[in-house]
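Engineer: Quick one: the structure is below, and I'll ask about it shortly.
In the numbering used here, the protein residues as written are 26 to 336.
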């Protein structure tokens, strides 16, 4: 059972790494570094004489394949040790076809030569998979009588609803951000927080998309602030609440600063990669907060058998 928990956690972190590598692909213009799929320029490995872009794109595919294997391993462990916790079992199993669908979406992205709406959907699908994996991790740990006490605290419906609202708002923000970066709208506004000296964008489509991303980012602060307040107020009842509030709030402030720096310095690759990676980390932390609010403590959960616990 302990091995299952470790594999589930590694799977989640590997998926976060996959998102970061995907951003590297986009930032370096390597999305078509391998113009075919699943091969790369007709070969199993990328040719070494075509520069760095095929290698970056192939690295993304390699990490994606590794995540796929980890997802299958997590589902197998869930079947072996967590059949007494259906929410964990079936979520772990459902992640498998989700990852397969994500791989197909990645292939379509290459075949159709990176349309912005599919690139944005590809990113958002990765976020949904991250949320499901976070749910599995928390469920596995809470069902363990030896570790469940670390997540002490009663079920928290109100906090869960606000966390879900935050995630829903953030999902829109991420999709618009993914669309903006691939459509060429990232550089439509030369200043921050104003767009070319104005609060309201001009009729130019790229300016509208860019400022819509900023408006939604500002709106996201409302449900996020509400969640942070609830987390802080419940810190005496939930050991994880303080750390979650500080981490999420700190990441959001850093994210806003990195977004501004991107505009001021014309979107250099390191800042572009950092911006989306931090966003994915915020999403994952929100997902963990939502998952923690949905489960009863270990004493209320249906624990696996003693033989499974010691496995």
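Just so you know, even glycine gets a beta-carbon here, dropped at the ideal spot from N, CA and C.
CB-CB under 7 Å to residue 331, same chain, minus the five flanking residues each way: which ones, in chain order?
Structural biologist: Counting from 1 along the chain shown, the entry for residue 331 is found at position 306. Confidence in residue 331 is poor, its pLDDT being 37 and thus under 50, which makes the residue's placement unreliable; the coordinate value appears in the next sentence. Result list for residue 331: empty, nothing under 7 Å.
Engineer: When DSSP labels each residue in this structure, what does residue 223 get in the three-state scheme?
Structural biologist: Here residue 223 refers to the residue found at position 198 of the chain shown. Annotated three-state conformation of residue 223 is strand, per DSSP.
Engineer: Got a sec? Which residues, its chain only, sit under 6 Å from residue 313 by beta carbon, not counting five neighbours each side?
Structural biologist: Within the chain shown, residue 313 is the residue found at index 288, counting from 1. The residues are 159.
Engineer: Using DSSP with H/G/I as helix, E/B as strand and the rest coil, what is residue 58?
Structural biologist: The count along the chain shown starts at 1 and reaches residue 58 at position 33. Correct three-state label for residue 58: coil.
Engineer: So is residue 129 buried or exposed if we call it buried at 16+ other beta carbons inside 10 Å?
Structural biologist: Sequence index remark: in the chain shown, residue 129 carries index 104 (1-based). That one is exposed.
Engineer: Taking Cβ positions, are residue 337 and residue 191 nearer each other than 9 Å?
Structural biologist: With the chain running from 26 to 336 in the structure shown, residue 337 is simply not present.
Engineer: Roughly how many whole angstroms lie between the Cα atoms of residue 83 and residue 71?
Structural biologist: Taking the chain shown and counting its residues from 1, the one referred to as residue 83 is at position 58. Taking the chain shown and counting its residues from 1, the one referred to as residue 71 is at position 46. Rounded to the nearest angstrom, the two C-alpha atoms are 7 Å apart.
Engineer: Short of 7 Å in beta carbon distance, which residues of its chain neighbour residue 214, apart from the five on each side in sequence? Order them along the chain.
Structural biologist: As a first step, residue 214 must be located in the chain shown, where it is residue number 189. 220, 221, 232, 235, 236, 288.
Engineer: Spatial neighbours of residue 279 within its chain, please: CB distance less than 7 Å, with the 5 preceding and 5 following residues excluded, ordered by chain position.
Structural biologist: Position 254 of the chain shown holds residue 279. If we look at residue 279 and ignore the five residues flanking it on each side, its Cβ neighbours are 303.
Engineer: Do residue 39 and residue 103 have their C-beta atoms within less than 9 Å of each other?
Structural biologist: Stepping through the chain shown from its first residue, residue 39 is reached at position 14. Stepping through the chain shown from its first residue, residue 103 is reached at position 78. No.
Engineer: Exposed or buried, residue 226, counting other C-beta atoms within 10 Å across all chains shown (16 or more means buried)?
Structural biologist: In the chain shown, counting from the first residue as 1, residue 226 sits at position 201. By the neighbour-count rule (16 or more Cβ atoms within 10 Å), residue 226 is buried.
Engineer: Distance check for residue 265 and residue 257, CA to CA, integer angstroms please.
Structural biologist: In the chain shown, residue 257 corresponds to position 232, counting from 1. In the chain shown, residue 265 corresponds to position 240, counting from 1. Spanning the two alpha carbons is a distance of roughly 10 Å.
Engineer: By how many angstroms is the C-alpha of residue 91 removed from the C-alpha of residue 41?
Structural biologist: Numbered from 1 along the chain shown, position 16 holds the residue referred to as residue 41. Numbered from 1 along the chain shown, position 66 holds the residue referred to as residue 91. If I take the Cα positions, the gap works out to 12 Å.
Engineer: Would residue 307 and residue 271 qualify as a contact pair, given that the criterion is a beta-carbon distance under 9 Å?
Structural biologist: Counted from its first residue, the chain shown places residue 307 at position 282. Counted from its first residue, the chain shown places residue 271 at position 246. No.
Engineer: Give me, in chain order, the residues of the same chain whose beta-carbon lies closer than 7 Å to that of residue 55; leave out the 5 immediate sequence neighbours on both sides.
Structural biologist: To locate residue 55, count along the chain shown from 1; it is residue 30. Cβ within range, chain order: 78, 81, 82.
Engineer: Among 311, 316, 301, which one has its Cα closest to the Cα of residue 44?
Structural biologist: Locating residue 44 in the chain shown gives position 19, where the first residue counts as 1. With distances taken between Cα atoms, residue 44 lies closest to 301.
Engineer: Is the beta carbon of residue 294 less than 9 Å from the beta carbon of residue 52?
Structural biologist: Reading the chain shown from its first residue, position 269 is the one you call residue 294. Reading the chain shown from its first residue, position 27 is the one you call residue 52. Yes. Within cutoff.
Engineer: According to the neighbour-count rule (16 or more other Cβ atoms, all chains shown, within 10 Å of its Cβ), is residue 198 buried or exposed?
Structural biologist: Stepping through the chain shown from its first residue, residue 198 is reached at position 173. Buried, because 16 or more other Cβ atoms sit within 10 Å of the Cβ of residue 198.
Engineer: Apart from the five residues just before and just after residue 27, which ones in its own chain have a Cβ nearer than 7 Å to its Cβ?
Structural biologist: On the chain shown, residue 27 is found 2 positions in, with the first residue counted as 1. Around residue 27: no qualifying Cβ.
Engineer: What do you reckon, are the CB atoms on residue 311 and residue 252 nearer than 9 Å?
Structural biologist: Walking along the chain shown from the start, residue 311 turns up at place 286. Walking along the chain shown from the start, residue 252 turns up at place 227. It is a contact, given that the beta carbons lie within the stated cut-off.
Engineer: Give a yes or no on whether the C-beta atoms belonging to residue 188 and residue 315 are separated by under 9 Å.
Structural biologist: Walking along the chain shown from the start, residue 188 turns up at place 163. Walking along the chain shown from the start, residue 315 turns up at place 290. Yes; because the gap between Cβ atoms is below 9 Å, this pair is in contact.
Engineer: According to the Cβ coordinates, are residue 145 and residue 185 closer than 9 Å?
Structural biologist: In the chain shown, the residue the question calls residue 145 occupies position 120. In the chain shown, the residue the question calls residue 185 occupies position 160. No. Outside cutoff.
Engineer: Applying the criterion that 16 or more other CB atoms from any shown protein chain within 10 Å of the CB defines a buried residue, is residue 147 buried or exposed?
Structural biologist: Taking the chain shown and counting its residues from 1, the one referred to as residue 147 is at position 122. Burial call: buried.
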